[in-house]
Amino acid sequence: MSQSTDISYLRQLVQIITENVDAIERLAYEQGVTHPTIDDLCEPTDARETFTLQPDVIRASTLATSAASQLVATLKLPNLVLRDRANAYHVPCALRIASETGIVELFREAGPKGMHIKDIATQAKVEPSIIGRVLRLLATHYIFKEVEPNVFANNRISSAMDTGKARSKILSMTRKKVESPAGFNDVVGDKYLDTNGIAAFVEQTTDIYFKSSACLPELVIANDYSMTALQKAMQFDGTFWDFLNKYPGSLQRFQSALGAWNRLQPTEVHAFGFDWPSLPEGSLIVDVGGGDGTEVFAIAQIAPHVKLMVQDRDQTIQQVTTPTWLGSQEKSRMIDSGQVTLLAHDFREAQPSHLVNKPAVFFMRHVTHNWPTNEIIHVLKHLHAAAPPHCKLIIADQLVPHACPDTQTAAGIKRVVHPMPPAPLLANLGEANAAMYSLDLAMTLMFNSQERTLGEFKEMTEAAGWKIQEVYQTARGFFSQLVCTKL
Numbered sequence: 027m028s029q030s031t032d033i034s035y036l037r038q039l040v041q042i043i044t045e046n047v048d049a050i051e052r053l054a055y056e057q058g059v060t061h062p063t064i065d066d067l068c069e070p071t072d073a074r075e076t077f078t079l080q081p082d083v084i085r086a087s088t089l090a091t092s093a094a095s096q097l098v099a100t101l102k103l104p105n106l107v108l109r110d111r112a113n114a115y116h117v118p119c120a121l122r123i124a125s126e127t128g129i130v131e132l133f134r135e136a137g138p139k140g141m142h143i144k145d146i147a148t149q150a151k152v153e154p155s156i157i158g159r160v161l162r163l164l165a166t167h168y169i170f171k172e173v174e175p176n177v178f179a180n181n182r183i184s185s186a187m188d189t190g191k192a193r194s195k196i197l198s199m200t201r202k203k204v205e206s207p208a209g210f211n212d213v214v215g216d217k218y219l220d221t222n223g224i225a226a227f228v229e230q231t232t233d234i235y236f237k238s239s240a241c242l243p244e245l246v247i248a249n250d251y252s253m254t255a256l257q258k259a260m261q262f263d264g265t266f267w268d269f270l271n272k273y274p275g276s277l278q279r280f281q282s283a284l285g286a287w288n289r290l291q292p293t294e295v296h297a298f299g300f301d302w303p304s305l306p307e308g309s310l311i312v313d314v315g316g317g318d319g320t321e322v323f324a325i326a327q328i329a330p331h332v333k334l335m336v337q338d339r340d341q342t343i344q345q346v347t348t349p350t351w352l353g354s355q356e357k358s359r360m361i362d363s364g365q366v367t368l369l370a371h372d373f374r375e376a377q378p379s380h381l382v383n384k385p386a387v388f389f390m391r392h393v394t395h396n397w398p399t400n401e402i403i404h405v406l407k408h409l410h411a412a413a414p415p416h417c418k419l420i421i422a423d424q425l426v427p428h429a430c431p432d433t434q435t436a437a438g439i440k441r442v443v444h445p446m447p448p449a450p451l452l453a454n455l456g457e458a459n460a461a462m463y464s465l466d467l468a469m470t471l472m473f474n475s476q477e478r479t480l481g482e483f484k485e486m487t488e489a490a491g492w493k494i495q496e497v498y499q500t501a502r503g504f505f506s507q508l509v510c511t512k513l
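Letter by letter, the sequence shown follows residues 27 to 513 of the working numbering.
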């Protein structure tokens, strides 16, 4: 490759960064705010933080982040990139130590001047040398900051993990962990109540998923999926759901982490895309695996003329869905009026006879990724058997893009998506969208399942008698609605 071509490639990446930073600063100037710096604290209600959540700012930030990551990968020597990737396991280890020992809350109480590692060690009851090295590794990755030698404080990224609880309370909960026979320490779930869920997400990921991920290569190399990586790591024979039921604290942490993940999604994900108000009066929408009914509530608000049903396991309906709806006056009125009904049903079985030929829409959000393809095909066949001729199946889930352009798979499918990123960025935006692929492998760790590409969704739905007609994608990411009709 010639020198001029090399420069052109690098300059293209620099230009994308410059153009999008200019766009962000122009928007900030017009609104009389500034973009927060890494040294600021994360205050969700602060005008600077709310500014970063605006769609135009997110689009520009994503492009700039993608280009910056690709620029680093281009400029760094290949062996150094591989070295850093191979050593990346130290970061989740350090994150878990910092979160579970209440370091974030300790620094909040200490203020901007921070705290010396000797004082940290005394209060957190840990070895000063190791906690200093842990925090320095994290500060090197822009999580926490070292304000002077061996003195650390929160920054914008670390403060996002703050539970808002007193550090002493957090640490006392950590010390209450009870070791199980398998060597797994169950957590004290109360730690995550009334929080933003970020600490729960961090600890869920750096504990259970981190351990499970270390076991996945052995299963892949042996080509043996008779157990999941999580089962191997946790020395547990049951399913992931059995595991959570056995360890109630872990269930509370998972639920809080899931809430954090959902809040990271675009605000329009619940009711975007498909034109719900266009359904005829009295049409029945069945939310299959609907959980607490969040999506049903969102749809009911924009399409009050339709009937809606939340369908899930008996345990979920009794312990989660019913208390959620009866505990809200607005939701309770929807139940009383008959606009919304709750039905206990295992969707792995045939749909109840009284629903056959009744639904106008079967809706599934964040369900398909929990199941191996052959099992979810079985579920979709049950829905197909109960669906009248003009019924639609709407699958709302992550749509995994390839790292290269794909002009073949979508033939014949109407797509409402955001435009392809400019060259020379990867088609999937590279590291700016890395969370998608981490989630994909997390599904493998827990369920031997996956997130799916459009081609994989197409094969799966057609095997069950459905055809994808339309795809709607959110502006902020790859969360999508796939609208299917019966073949």
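Where a beta carbon is used, it is the ideal one built from N, C-alpha and C, also for glycine.
These numbers were taken from a predicted model, which means no experiment stands behind them.
What residue range does the alpha helix (DSSP H) around residue i cover?
i, result
"ARG374", "No alpha helix (DSSP H) contains ARG374, which DSSP labels as neither H nor E."
"TYR463", "460-473"
"MET486", "480-489"
"LYS272", "266-272"
"MET360", "355-363"
"ILE311", "Here ILE311 belongs to no alpha helix (DSSP H); instead the beta strand (DSSP E) covers 310-314."
"ARG159", "154-166"
"LEU425", "No alpha helix (DSSP H) holds LEU425; DSSP gives it neither H nor E."
"MET260", "255-260"
"THR367", "No alpha helix (DSSP H) contains THR367, which is instead part of the beta strand (DSSP E) from 366-370."
"PHE236", "236-248"
Can you check which of these residues, the options, is closest to residue i by C-alpha distance?
i, options, result
"GLU131", "LEU39, ALA413 and ARG193", "ARG193"
"MET253", "LEU121, THR348 and PRO398", "PRO398"
"GLU457", "SER87, TYR35, GLU485 and PRO62", "SER87"
"TYR235", "SER309, TYR115 and THR479", "TYR115"
"PHE280", "PRO175, VAL314, ILE311 and GLY223", "GLY223"
"THR148", "SER506, GLY128 and THR166", "GLY128"
"GLU135", "SER95, ASP188 and ARG159", "ASP188"
"THR220", "ILE247, GLU229, LYS272 and GLN278", "Strictly speaking, residue 220 in this sequence is Asp, with Thr absent from that position. Residue GLN278 is the option with its Cα nearest to ASP220."
"PRO138", "ASP66, ALA94 and SER238", "ASP66"
"THR231", "THR63, ALA90, GLU126 and TYR55", "GLU126"
"VAL312", "VAL322, ARG74 and PRO306", "VAL322"
"THR394", "THR487, GLY190 and PRO306", "THR487"
"VAL387", "LYS333, LYS171 and THR91", "LYS333"
"GLY308", "MET335, GLY319 and GLU375", "MET335"
"GLU229", "LEU121, GLU244 and THR76", "LEU121"
"GLU375", "GLU75, VAL314 and PRO175", "VAL314"
"VAL177", "TYR251, HIS167 and GLY140", "GLY140"
"GLN495", "GLY58, GLY438 and ALA90", "GLY438"
Using the C-alpha atoms, what's the distance from residue j back to residue i?
i, j, result
"PRO431", "PRO447", "10 Å"
"GLN41", "LYS512", "47 Å"
"LEU406", "ALA490", "6 Å"
"VAL295", "TRP302", "Confidence in VAL295 is poor, its pLDDT being 49 and thus under 50, which makes the residue's placement too unreliable to answer from."
"PHE504", "ALA179", "35 Å"
"LEU455", "SER379", "46 Å"
"ILE343", "LEU368", "7 Å"
"CYS510", "ASN396", "19 Å"
"TRP492", "HIS410", "7 Å"
"GLY353", "HIS404", "35 Å"
"LEU508", "ILE420", "6 Å"
"ALA240", "GLN96", "27 Å"
"MET199", "ILE146", "18 Å"
"GLN499", "ILE156", "45 Å"
"LYS514", "PHE473", "The question about residue 514 has no answer here: the residues shown for the chain are numbered 27 through 513."
"LEU164", "SER358", "47 Å"
"LEU13", "SER276", "The structure shown has nothing for residue 13, since the chain only spans 27 to 513."
"ASN14", "LEU242", "Because the chain here runs from 27 to 513, residue 14 falls outside it and cannot be looked at."
"MET469", "GLN257", "13 Å"
"ILE64", "GLU172", "12 Å"
"ILE123", "LEU108", "25 Å"
Mind checking whether residue i and residue j have CB atoms under 9 Å apart?
i, j, result
"PHE440", "VAL497", "Just to set this straight, residue 440 is Lys in the shown sequence, not Phe. The answer is yes: Cβ separation under 9 Å."
"SER184", "ILE169", "yes"
"GLY316", "PHE389", "yes"
"PHE227", "TRP287", "yes"
"ALA259", "TYR218", "no"
"VAL214", "ASP233", "no"
"SER304", "ALA422", "no"
"HIS61", "GLU51", "yes"
"VAL346", "ASP338", "yes"
"ALA436", "LEU480", "yes"
"LEU36", "LEU451", "no"
What are the start and end residues of the beta strand (DSSP E) that includes residue i?
i, result
"SER506", "505-512"
"VAL497", "492-499"
"GLN337", "333-338"
"GLU174", "171-174"
> Would you say the segment 408-417 touches the segment 325-340, given that touching needs at least three Cβ pairs under 8 Å?
Replying inline: Judged by Cβ distances under 8 Å, the segment 408-417 makes no contact with the segment 325-340, as fewer than three pairs qualify.
> Any contact of the segment 146-160 with the segment 77-96, i.e. 3+ C-beta pairs under 8 Å?
Replying inline: Between the segment 146-160 and the segment 77-96, the count of C-beta pairs closer than 8 Å stays below three; the two stretches do not touch.
> Is it true that the segment 421-431 meets the segment 460-479, where meeting means three or more beta-carbon pairs spaced less than 8 Å apart?
Replying inline: Yes, the segment 421-431 touches the segment 460-479.
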